[in-house]
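Going by our numbering, the sequence shown opens with residue 549, and the numbers climb by one from there. Backbone N, C-alpha and C fix where the C-beta goes; we use that ideal spot for every residue, glycine too.
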Amino acid sequence: MGVRDIRQRYARSRIGQFWLTLSTGIMVGALGFVWSGLWKVSVGELLPFVAISIVVWNLISGTLSEAAAIFPATGSMFLNQGMSFSTAIYGLIWKNVLIFLHNLPIIALTMIVFWIPVRLDVLLVIPGMILVLLTLAWASYVIGIACLRFRDLTQLVQSALLIAFFVTPVMWKPAQMGAEKAYLLSFNPFAAMLSVIRKPLLGEMPTAQEWILATAIALGGFLVALPLVGYCRRRIIYWI
């Protein structure tokens, strides 16, 4: 399902799915140079940060945004055969993971151009990625069910993700917020999910608080989501 969606989007295109990489690379370059001037930060310092942040943010926001409409979009399959509803969620996540992998060369290129050393800390990206994908799994299922039952919530999810983009350190560094307001990032789950992937790639170590928050969101969210999914899964077919 995930591969099919990407192929359908870029059918009859010569470049195909590599438009994903090209468009993301152009956006990263434009934002990196513009925001480095606005924040008075060197391009070499800000551009790798922005490149990693945008690629990871696209994975997170793209999955959650599409989750809001995943069951109406795939409803015909469930009406015709007894398939688990989680199949649509896994297909959605796999699709966005493939897009993430297509964009990895952008991160690699910025790290090479700006001489960011690769240390053993980079292996921490693996547990960080696992935590992010676990979070996306339960969050996508919950958002998909909620937006299927209450269709107006779809617009609310889109608006919430747009606001989250600006209040999360994607195009600006946490240090720029200032010490007096840094505590606000402690309540931002997106900031923790970004940090456990971004910091190891930049040669930094995520703080214990960031690991704890990311783990609590991933595992704690499952404990909350499973009873809800179990209660609603037999009703989903009627809401479709």
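About 4 Å separates the beta carbon of Leu-679 from that of Ala-766, a gap short enough to meet the 8 Å contact definition. Apart from the 5 residues on each side of it in sequence, Leu-607 sits with its Cβ closer than 6 Å to the Cβ of Asn-644 and Phe-648 in its chain, given in chain order.
By a beta-carbon distance limit of 8 Å, Ile-637 does not contact Ser-590. Their separation comes to about 41 Å. Taking one beta carbon from each stretch, the segment 663-677 and the segment 749-769 have 3 or more pairs nearer than 8 Å; the two touch. Assigned with DSSP and collapsed to three states, Ala-599 falls in helix. Its chain contains no residue whose beta carbon lies nearer than 8 Å to that of Leu-710 once the 5 sequence neighbours on both sides are disregarded. In summary, Glu-593 is exposed, with fewer than 16 beta-carbon neighbours lying within 10 Å of its beta-carbon over all protein chains present. Between Leu-696 and Ile-788, the beta carbon gap of about 7 Å places them in contact (Cβ cut-off 8 Å). In the three-state DSSP reduction, Gly-580 falls in the helix class (H, G or I). In this structure Pro-665 is exposed. Its beta-carbon is surrounded by fewer than 16 other beta-carbon atoms within 10 angstroms. The way I'd put it, the segment 568-580 does touch the segment 595-611; three or more beta-carbon pairs between them come closer than 8 Å. Across the structure, Met-677 and Met-659 are spaced so that their CA atoms are roughly 19 Å apart. Residue burial is scored here from C-beta neighbours: Ala-616 has at least 16 other C-beta atoms within 10 angstroms and is therefore classed as buried.
Inter-residue distance for Val-576 and Pro-596 is about 9 Å (C-alpha atoms, whole angstroms).
Taking C-alpha positions only, Gln-556 is separated from Ala-764 by approximately 37 Å. The residue from Ser-743, Trp-720, Thr-702 and Lys-729 with its alpha-carbon nearest to that of Ser-584 is Trp-720. Taking C-beta atoms as the reference points, Leu-684 and Ala-694 fail to come closer than 8 Å. Per DSSP, reduced to three states, the secondary structure at Gly-726 is coil, with no helix or strand assignment. The C-alpha of Ala-712 lies about 8 Å from the C-alpha of Phe-738. Residues Gly-676, Leu-679, Pro-754, Glu-758, Trp-759 and Ala-762 of the same chain have their beta carbon placed closer than 7 Å to that of Val-744, with the five preceding and five following residues left out of the count.
When secondary structure is reduced to three states using DSSP, Lys-747 falls in the helix class.
Cβ contact annotation for Ser-734 (same chain, cutoff 8 Å, sequence separation greater than five): Gln-757 and Leu-761, in chain order.
Secondary structure of Ile-785 (DSSP, three-state): helix. Counted as a single uninterrupted DSSP element, the stretch harbouring Ser-734 is not any alpha helix (DSSP H), since DSSP gives it neither H nor E.
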